[in-house]
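Asker: For the sequence shown, the working numbering gives the first residue as 17, with consecutive numbering after it. Cβ coordinates follow ideal geometry from the N, Cα and C atoms, glycine included. Because the structure is a prediction, the values reported are computed rather than measured. The structure follows.
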Amino acid sequence: MYPQSFQKCINHFHRLPGIGPKMAERLVLHLYKQQPETIDAFASDLAAIKDIGTCKTCFNIAQGDACVICADSNRDTSKLCIVEEALDIIPIERSRSFDGVYHVLGGTVDKKDTKTLSITHLHHRLATDAPQEIIIATNFTTEGDMTAMYLHRELKKYGITITRLLRGLATGSDIEYADDMTIRSALTHRAQI
């Protein structure tokens, strides 16, 4: 029905999470109606994604060795927030209630062998950076709870205060989809574990 290049674009969009075939078609039709400069800019920005890597300190998404958070000298390094994935940082930052730094695990204990997570680097970071508080901000799922318990067992030997976000977030929910007020409340009322 469509030219081959058009259909290929639809197929690419359809592979993205949450994008069905109709939405993929609408997105490509929208792009088709744009000015050539807009399409070129979009294609250029899309191609530049392959040059984005991982922060060497916290494993967040970064362009270069350090992410924008680790490169910010105004961040409070005494507070370290541990999240499952880099996407979990976005709603916390959007809430504007946390001025510390992060550590991205890269998954949960249940889904991955702990060796594939950034836990070894986390131990090294705790030994060298010596934060005063660790905030465990894993999702409120079975896997997230297991990861939080595992982290608590692993990290309590450092003698650092360990807290976890309170259940202001619904059980089974992902931090990524929480609204700003819920994140703010969960961070403000976190509990020591």
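(1) Just list the alpha helix (DSSP H) runs in the segment 65 to 138, keeping only unbroken ones of 4 residues or longer that don't cross its boundaries, in chain order.
(2) Could you say which of 140, 49, 161 and 26 lies nearest to residue 174 if we only look at CA atoms?
(3) Tell me residue 20's beta-bridge partners as DSSP assigns them.
(4) Thinking C-alpha only, which one of 144, 119, 142 and 146 is nearest residue 133?
(5) Tell me which residues share the same chain as residue 103 and place their Cβ nearer than 6 Å to its Cβ, disregarding the 5 neighbours each side in the sequence.
(6) Could you tell me the distance, in whole angstroms, from the CA atom of residue 40 to the CA atom of residue 23?
(7) Decide if residue 76 is buried, meaning its Cβ has at least 16 other Cβ atoms within 10 Å, or exposed.
(8) Among 81, 124, 51 and 116, which residue has its Cα nearest to the Cα of residue 151?
Answerer: So, from the listed chains and residues:
(1) Counting only runs that start and end inside the segment 65 to 138, the alpha helix (DSSP H) elements of at least 4 residues fall at 105 to 111.
(2) Here residue 174 refers to the residue found at position 158 when the sequence shown is read from its first residue. The candidate whose alpha carbon is nearest that of residue 174 is 140.
(3) Counting from one through the sequence shown, the residue named residue 20 turns up at place 4. DSSP links residue 20 through a beta bridge to no other residue.
(4) Here residue 133 corresponds to residue number 117 of the sequence shown, with the count starting at 1. For the residues 144, 119, 142 and 146, the minimum Cα distance to residue 133 belongs to 119.
(5) One-based indexing of the sequence shown puts residue 103 at position 87. Taken in chain order, the residues that qualify are 192.
(6) Within the sequence shown, the letter at position 24 stands for residue 40. Within the sequence shown, the letter at position 7 stands for residue 23. Between residue 40 and residue 23, the C-alpha separation is close to 10 Å.
(7) The residue labelled residue 76 in the question sits at position 60 within the sequence shown. With 16 or more other Cβ atoms within 10 Å, it is buried.
(8) Locating residue 151 in the sequence shown gives position 135, counting from the first residue. With distances taken between Cα atoms, residue 151 lies closest to 116.
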